[in-house]
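For the record, the sequence lines run as chains A and B. Its first residue numbered 1, the first sequence is counted upward by one per residue in full-length UniProt numbering. Its first residue numbered 1, the second sequence is counted upward by one per residue in full-length UniProt numbering. For every residue, glycine included, the Cβ atom is placed at its ideal position computed from N, Cα and C. These numbers were taken from a predicted model, which means no experiment stands behind them.
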Amino acid sequence: MNFSGYKREDGRFGTRNHVMVMSSVACANGVVDAISRALPEIVPLTHPYGCGCGPEDLGVMMRTLSGLLNNPNVGAALVIGHGCENLNSSFLTQVVENKPIEALVIQDSGGSAATTAKGIEIASRFLKQLERQERVSAPASELIIALECGGSDAFSGITANPAVGAAADLLVREGGTVILSETTEMIGTAHILKRRCATPELGEQVERLVNNHERHVRESLGELAGMVIAPGNIDGGLSSITEKSLGCIRKGGTTPITEIVEYAGKPTNRGFVIMDTPGYDIDSMAGMAAAGAQLILFTTGRGSVAGFPAIPVVKVCSNSRTFNKMPGDMDVNAGAITDAGKTIEEVGRQIFDLALEVASGKRTCAELNRSIPFNYLKQGPTF
Amino acid sequence: MKNNALKIDQKDNVAIAVHPIAKGEAVVVEGKPLVETIEDVDAGHKVALSEIRKGEEVFRYGEPIVEATRAIKKGEWVHVHNTQPIPGDLKD
């Protein structure tokens with residue numbers, strides 16, 4: 001199976017060819033916003049920190065932001081720095097290879113208005129440069145698809161997640177890669193994930209990851225830890241945290257786990273990969289996009305509208321009621337499994353086929369709505 | 001026959017109601033009636049496809065999710081009132 005993508009110098013393929021304009025620190029967000037008002041075709045990426053954090057958080061920010069700049073969906077990038085921040089723009093541009101990238105520093109470029117004017121000039125030039133590039137045929141094995149869920153309901157684990165799992169199996173059989181994330185949603189399944197790993201070492205690693213996370217949740221939430229299985233879940237029919245988490249991990253399909261990576265870490269293996277991320281969907285998508293995912297399959301029951309900058313997000317809705325209520329936000333109706341007699345496999349195939357179309361340029365609801373929330377994992381205090 | 005439940009994995013001993021199933025109605029999975037319910041089962045909830053003995057594991061997604069705290073009859077609603085988490089899983 002093939003899709004049409006933009007071939008990059010490093011051999012990877014983009015499903016999009018965006019000019020990204022990124023701030024290196026929150027103080028530069030205004031200039032990025034001003035450039036994107038003048039040039040709506042660019043993808044702006046602004047964020048709340050880049051300064052005033054401990055070394056561990058800065059490291060995560062650096063890995064996430066540079067990973068996004070390196071994502072094959074970004075054809076060219078402009079980084080707007082402030083000048084006095086910790087995470088300055090030259091750190092970010094230095095680690096980006098094989099694509100046009102420039103940086104402007106507000107304090108060295110004549111202030112906000114002058115930097116905005118220069119930024120518009122550079123980004124316009126990049127847009128013209130990228131216009132000349134054309135899509136070429138690429139094997140589906142070149143795809144890294146991130147899996148996410150948000151605003152789940154009682155049907156997510158019955159329809160949307162198993163259907164995405166069936167699509168994940170199809171991609172892995174083609175030689176491609178899927179990334180399952182949200183360690184919080186794996187609590188109670190360490191023993192099951194362990195059995196599903198390709199090697200005993202990976203099994204130990206996943207068991208440690210999930211058990212450590214469980215300990216962390218218990219320490220942070222104390223008596224509230226039991227609430228990670230919320231009363232709403234019990235009303236909806238879930239009898240244990242294991243049952244709830246199995247519904248989440250089902251998105252990864254049924255193939256062996258080939259690698260476990262840290263937040264925003266790049267997988268070196270293909271197949272079914274697990275990334276350690278929080279359950280917060282925006283942070284989680286950022287980690288997987290930074291790892292090079294060119295497309296995101298996102299299941300929802302309540303109707304999450306969240307997309308992501310530069311990466312197409314396909315919304316798979318768990319029920320027809322929400323699908324019909326929010327037709328401009330949902331791409332696939334997995335509710336057809338419960339009320340149109342479709343099987344999980346049939347909807348899985350539909351999702352896989354749509355993923356290839358989206359990878360080839362078809363725009364998703366979140367893209368049409370320009371829904372591009374962004375945030376990254378931050379664990380320590382702000383100084 | 002119109003489907004009203006899903007069996008996600010062949011190994012599962014419960015089906016998940018996708019519509020409310022009233023007492024005495026057939027649980028229909030992929031066009032086939034599998035069992036008759038002996039009580040009402042709400043949408044999203046589990047119904048036993050076979051008898052489950054006390055201490056026996058309940059399978060969904062082909063994996064054990066809880067164990068029976070008493071004997072569960074074929075067609076009975078399966079939830080927190082007749083099951084408990086399997087020792088070793090997160091307890092509240």
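Contact check, residue i vs residue j, beta carbons under 7 Å
i, j, result
"I52/B", "A26/B", "no"
"T242/A", "I65/B", "yes"
"I16/B", "Y61/B", "no"
"V41/B", "W77/B", "yes"
"L246/A", "T299/A", "no"
"P44/A", "V32/A", "yes"
"L104/A", "K118/A", "yes"
"I179/A", "V273/A", "yes"
"V164/A", "K244/A", "no"
"A140/A", "M285/A", "no"
"residue 398/A", "P373/A", "Summary: the structure shown does not reach residue 398/A, with chain A confined to residues 1 through 383, and so no result is reported for it."
Status (buried if at least 16 other CB within 10 Å, exposed otherwise) for residue i
i, result
"K91/B", "The predicted position of K91/B is uncertain, since its pLDDT is 46 and thus under 50; a value taken from the coordinates is nonetheless stated next. Classification of K91/B: exposed, given that the 10 Å Cβ count is below 16."
"G24/B", "exposed"
"N73/A", "buried"
"T116/A", "buried"
"P162/A", "buried"
"P200/A", "exposed"
"S24/A", "buried"
"E97/A", "exposed"
"K342/A", "buried"
"C53/A", "buried"
"N212/A", "exposed"
"V136/A", "exposed"
Residue i, enclosing alpha helix (DSSP H) - first and last residue
i, result
"M61/A", "55 to 70"
"C248/A", "241 to 249"
"S112/A", "111 to 131"
"V21/A", "Premise fails: V21/A lies in the beta strand (DSSP E), 18 to 23, not in any alpha helix (DSSP H)."
"V217/A", "200 to 221"
"E345/A", "344 to 359"
"G335/A", "Here G335/A belongs to no alpha helix (DSSP H), and DSSP marks it neither H nor E."
"E367/A", "365 to 368"
"A290/A", "281 to 290"
"T322/A", "320 to 325"
"I192/A", "190 to 195"
Beta-bridge partners of residue i, as assigned by DSSP
i, result
"residue 99/B", "There is simply no residue 99/B to check, as chain B begins at 1 and stops at 92 in what is shown."
"L297/A", "L147/A, V314/A"
"N2/A", "P139/A"
"Q84/B", "E67/B"
"G14/A", "Y6/A"
Residue i versus the options, residue with shortest Cα-Cα distance
i, options, result
"S152/A", "T322/A, F383/A, D353/A", "T322/A"
"I249/A", "G301/A, A160/A, A291/A", "A160/A"
"T364/A", "F374/A, S320/A, Q350/A, I296/A", "I296/A"
"V358/A", "N333/A, G380/A, V313/A, Y376/A", "V313/A"
"E134/A", "P55/A, I144/A, F13/A", "F13/A"
"F126/A", "N88/A, S156/A, V79/A, C149/A", "V79/A"
"C317/A", "L92/A, K325/A, A310/A", "K325/A"
Beta strand (DSSP E) segment containing residue i, residue limits
i, result
"L78/A", "74 to 81"
"F308/A", "It is not in any beta strand (DSSP E) - F308/A carries neither H nor E in the DSSP assignment."
"A43/B", "Segment: none, A43/B is in no beta strand (DSSP E) and carries neither H nor E."
"L92/A", "Here L92/A belongs to no beta strand (DSSP E); instead the alpha helix (DSSP H) covers 89 to 94."
"L180/A", "177 to 180"
"V172/A", "No beta strand (DSSP E) holds V172/A; the alpha helix (DSSP H) holding it covers 161 to 173."
"A26/B", "26 to 29"
"G271/A", "271 to 275"
"L104/A", "101 to 105"
"L34/B", "32 to 36"
"L39/A", "Segment: none, L39/A is in no beta strand (DSSP E) and carries neither H nor E."
"I16/B", "14 to 17"
"I260/A", "257 to 261"
Any non-hydrogen atom of the ligand ATP closer than 6 Å to residue i Cβ
i, result
"P256/A", "As far as ligands go, the structure on display features none, and thus does not contain the ligand ATP."
Cross-chain neighbours of residue i in chain C, by beta carbon under 7 Å
i, result
"I72/B", "The question asks about chain C, but that chain is absent: this structure's protein chains are A and B."
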